[in-house]
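Numbering (this note's numbering), first residue to last: 45 to 591.
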Amino acid sequence: MEMEFSNFIHDIIEKDLEEGVYDRVHTRFPPEPNGYLHIGHAKAIWLDFSTAEKYNGLCNLRFDDTNPTKEDIEYVESIKEDVRWLGFDWEDRLYYASSYFDQLYEFAIQLIKQGDAYVDDLSADEIREYRGTLTEPGKESPYRNRSVEENLDLFIRMKNGEFPDGSRVLRAKIDMSSPNLNMRDPVLYRIAHVPHHTTGDKWCIYPMYDYAHPISDALEGITHSICTLEFEDHRPLYNWVIEKIGFKNPPKQIEFARLEVSNMVTSKRKLRQLVEENFVDGWDDPRMPTISGLRRRGYTPEALKDFCLKTGVAKSKSIVDIAFLEHCIREDLKLKEPRVMAVLNPLKVVITNYPEGQIEMIDIENNPENPEMGTRKVPFSRVLYIERDDFMEDPPKKFFRLSPGKEVRLKGAYFIKCEEVIKDEKTGEIIELHCTYDPATKSGSGFDGRKVKGTLHWVSADHGINAEVRLYDYLYIEDEAGGEPKLNPNSLEILSNCIIEPSIADAKPGDKFQFLRHGYFCVDTKYTTKEKLVFNRIVSLRSSWKN
Ligand code: ATP
Ligand code: MG
Ligand code: MG
Numbered sequence: 045m046e047m048e049f050s051n052f053i054h055d056i057i058e059k060d061l062e063e064g065v066y067d068r069v070h071t072r073f074p075p076e077p078n079g080y081l082h083i084g085h086a087k088a089i090w091l092d093f094s095t096a097e098k099y100n101g102l103c104n105l106r107f108d109d110t111n112p113t114k115e116d117i118e119y120v121e122s123i124k125e126d127v128r129w130l131g132f133d134w135e136d137r138l139y140y141a142s143s144y145f146d147q148l149y150e151f152a153i154q155l156i157k158q159g160d161a162y163v164d165d166l167s168a169d170e171i172r173e174y175r176g177t178l179t180e181p182g183k184e185s186p187y188r189n190r191s192v193e194e195n196l197d198l199f200i201r202m203k204n205g206e207f208p209d210g211s212r213v214l215r216a217k218i219d220m221s222s223p224n225l226n227m228r229d230p231v232l233y234r235i236a237h238v239p240h241h242t243t244g245d246k247w248c249i250y251p252m253y254d255y256a257h258p259i260s261d262a263l264e265g266i267t268h269s270i271c272t273l274e275f276e277d278h279r280p281l282y283n284w285v286i287e288k289i290g291f292k293n294p295p296k297q298i299e300f301a302r303l304e305v306s307n308m309v310t311s312k313r314k315l316r317q318l319v320e321e322n323f324v325d326g327w328d329d330p331r332m333p334t335i336s337g338l339r340r341r342g343y344t345p346e347a348l349k350d351f352c353l354k355t356g357v358a359k360s361k362s363i364v365d366i367a368f369l370e371h372c373i374r375e376d377l378k379l380k381e382p383r384v385m386a387v388l389n390p391l392k393v394v395i396t397n398y399p400e401g402q403i404e405m406i407d408i409e410n411n412p413e414n415p416e417m418g419t420r421k422v423p424f425s426r427v428l429y430i431e432r433d434d435f436m437e438d439p440p441k442k443f444f445r446l447s448p449g450k451e452v453r454l455k456g457a458y459f460i461k462c463e464e465v466i467k468d469e470k471t472g473e474i475i476e477l478h479c480t481y482d483p484a485t486k487s488g489s490g491f492d493g494r495k496v497k498g499t500l501h502w503v504s505a506d507h508g509i510n511a512e513v514r515l516y517d518y519l520y521i522e523d524e525a526g527g528e529p530k531l532n533p534n535s536l537e538i539l540s541n542c543i544i545e546p547s548i549a550d551a552k553p554g555d556k557f558q559f560l561r562h563g564y565f566c567v568d569t570k571y572t573t574k575e576k577l578v579f580n581r582i583v584s585l586r587s588s589w590k591n
């Protein structure tokens, strides 16, 4: 049975199909190539593409590249990669708003001829001032009633490059006293003598988003143009443009609340700042909420899509707890990835009664929750490493791990007992433990003579593989008092002397594992070399998310 998660957009679409408003569904994902995509965009990608899939429709990928000053081809490529990685395919439906520049220009001429647009010589500041406020009506520009001929002449000369940046704009002639500020003669075109990454020097006037977007949608035959809530009061303008140009089968704009996640920032501008100030190691730093950062961290497309589905699509704003995102990746990896033993902070253990030179290959299940994943052989020998935190010389009452005179089980192997603590003579630091083992206690032998409360993971010293492990904390700390989240100065911890069981020797960048008792880890795609594996902790095992 398929669970239903709230999605009011699907309700609208179903009603439209039922009532014959549309006989098909065609959506689009329209990123501006001015940065790398983040988790909020993943939600939009998922919503646009999976909605089309659900109704046997189509979804376009369209680059909304009408603002040449901030855009770059690097971003175009990263966006394509991210959409594909999430598992969506635009097939032959890749579009650029910039490829409509000719048509957009022709439609502007049409609007001028209809008396629906005029060239304004007011400066940007004056336009703002004349626009008025929510409580104060706007004032008409003295240039508003130019003749069609004069407007045509000026607009063509704007296009021909006769005027400097900022000297004139083309505006829609709507209503300077509209209660909706977006309808007070919005700007449709501005002059910018800036080359564009697809059209080069061809244009020195560029269309505004509110003008280019509805036309792009209409030209592509989009039925449902899904966007975020901040565009809600742009919808009358969207409809105005469509109506004045006279498109048949007009697209319908539907707004939903953007995805926001606690401890994450979803604004390209703020993320760019982190990159430019070198606070993080690029857009794909594993701490970044970008799709490329989440990918490098070890998140899977399945987990992200599951997260998008289960957080629902609503009209009202809310913030999703990051613990729920972490829950989704744990759930996805739980049955898929092998579990291995990794000692992050090693303490040497010598088993004094275990024969020198002897090696036992111990069978350990690869995933107790998924027996189909089988077992592997792990070498056990006289000298091992355990986790430094798993030993306490002077433990509190409820410490069930190792301490002097106490016994614990080594996972899959034997009981060991700590007999002696060896310290550095100068510093007093514990450098090794001398233990004995009881051969009768071997796992699987049915031994039930006595019980121990703790089971520790371990790695054979001669067989373990050295690796670097990177532990992450949130990039942003939520402000308890409800203010802006603050940057966390301690979001990265590098452990460079970790020892991991030899079964991971052939791990490739991107491979994922559960390290017993530590969480899920992914081989880093950037820093891993032939000589050294570098792991990112995707998420710890413990969940703070409550169902
Ligand atoms: P930012 O505000 O981070 O710069 P943007 O909205 O300007 O993002 P675009 O490239 O214009 O970025 O966004 C492409 C699409 O992704 C738009 O349809 C936008 O509504 C949607 N989108 C952006 N952020 C979110 C979010 N947090 N949740 C859901 N959808 C989003
Ligand atoms: Mg934008
Ligand atoms: Mg934005």
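We put the beta carbon where it would ideally sit given N, CA and C, even for glycine.
> Roughly how many angstroms separate the alpha carbons of residue 357 and residue 350, rounded to a whole number?
Replying inline: 13 Å
> How would you write the range of the alpha helix (DSSP H) that residue 337 sits in, first residue to last?
Replying inline: That run of the alpha helix (DSSP H) goes 335-341.
>> Taking the straight line between their C-alpha atoms, what separation do you get for residue 562 and residue 333?
In response: 22 Å
> Under a criterion of Cβ closer than 5 Å to any non-hydrogen atom of ligand 1, which residues qualify, in chain order?
Replying inline: 75, 76, 84, 85, 87, 88, 271, 272, 302, 303, 310, 311, 312
> Can you tell me whether DSSP reads residue 120 as helix, strand or coil?
Replying inline: helix
> Can you tell me whether DSSP reads residue 218 as helix, strand or coil?
Replying inline: coil
> What are the boundary residues of the beta strand (DSSP E) that residue 409 is part of?
Replying inline: 404-409
>> Is there a Cβ of chain C sitting closer than 8 Å to that of residue 91, yes or no?
In response: You won't find chain C in this structure, because it holds only one protein chain.
>> Given this structure, state the Cα-to-Cα distance separating residue 91 from residue 259, to the nearest angstrom.
In response: 21 Å
>> So for residue 323, helix, strand or coil by DSSP?
In response: coil
>> Going by DSSP in three states, residue 196 sits in which element: helix, strand or coil?
In response: In the structure shown, residue 196 sits in a helix (DSSP, three-state: H, G or I).
> Do you know offhand how far residue 503's Cα is from residue 274's?
Replying inline: 54 Å
> For the candidate residues 451, 423, 408, whose alpha-carbon lies nearest to that of residue 417?
Replying inline: 408
>> Give the list of continuous beta strand (DSSP E) stretches no shorter than 3 residues that lie fully inside the segment 498-570.
In response: 509-516, 536-544, 556-559, 563-567
>> Is the separation between the beta-carbon of residue 450 and that of residue 461 shorter than 8 Å?
In response: Yes, these two residues count as a Cβ contact at 8 Å.
> Shortest alpha-carbon distance to residue 517 belongs to which of 493, 583, 567, 547?
Replying inline: For the residues 493, 583, 567, 547, the minimum Cα distance to residue 517 belongs to 583.
> Which ranges would you report for the beta strand (DSSP E) in the segment 221-281 if only whole runs of at least 3 residues count?
Replying inline: Those beta strand (DSSP E) runs which fall completely within the segment 221-281 and span 3+ residues are 231-235, 249-251, 268-272.
>> When you compare the CB positions of residue 300 and residue 53, do they come within less than 8 Å of one another, or not?
In response: yes
>> Strictly by DSSP, which residues pair up with residue 71?
In response: 103
>> My parser needs the alpha helix (DSSP H) runs of 4 or more residues fully inside the segment 120-167; what are they?
In response: 145-157
> Could you give the C-beta distance for residue 162 and residue 195, rounded to a whole number, given that I count them as a contact under 8 Å?
Replying inline: With a Cβ gap of about 5 Å, residue 162 and residue 195 count as contacting.
> Rounded to a whole number of angstroms, what is the C-alpha to C-alpha distance between residue 468 and residue 478?
Replying inline: 14 Å
> So which of 514, 240, 185 has the shortest CA-CA distance to residue 221?
Replying inline: 185
> From 530, 464, 97, pick the residue whose C-alpha is nearest to that of residue 71; which is it?
Replying inline: 97
> Distance, Cα to Cα, residue 265 vs residue 257?
Replying inline: 12 Å
> Does DSSP put residue 45 in a helix, a strand or coil?
Replying inline: Any reading at residue 45 must be qualified, since the residue scores a pLDDT of 44, below 50, and its modelled position is unreliable; no value is offered.
> Can you list, in chain order, the residues of its chain whose CB lies under 8 Å from that of residue 117, leaving out five sequence neighbours each side?
Replying inline: 77, 241
> By Cβ distance below 6 Å, which residues in the same chain neighbour residue 404 in space, the five residues on each side in sequence not counted?
Replying inline: Hits under 6 Å: 424.
>> For residue 352, which residues in the same chain have their Cβ closer than 6 Å to its Cβ, ignoring the five residues on either side in sequence?
In response: 87, 90
> residue 393 and residue 430 look like a contact to me (Cβ under 8 Å); what is the Cβ gap, rounded to whole Å?
Replying inline: Right, their Cβ atoms sit about 5 Å apart.
>> By alpha-carbon positions, which one of 560, 426, 228 ends up nearest to residue 458?
In response: 426
>> Only counting the same chain, and skipping five residues up and downstream in sequence, which positions put a Cβ closer than 6 Å to that of residue 383?
In response: 411, 558, 560
> By DSSP, does residue 51 sit in helix, in strand, or in coil?
Replying inline: When DSSP states are grouped into helix, strand and coil, residue 51 belongs to the strand group.
> Would you call residue 373 buried or exposed, if buried means 16 or more other Cβ atoms sit within 10 Å of its Cβ?
Replying inline: buried
> Which residue or residues does DSSP assign as beta-bridge partners of residue 429?
Replying inline: 392, 503
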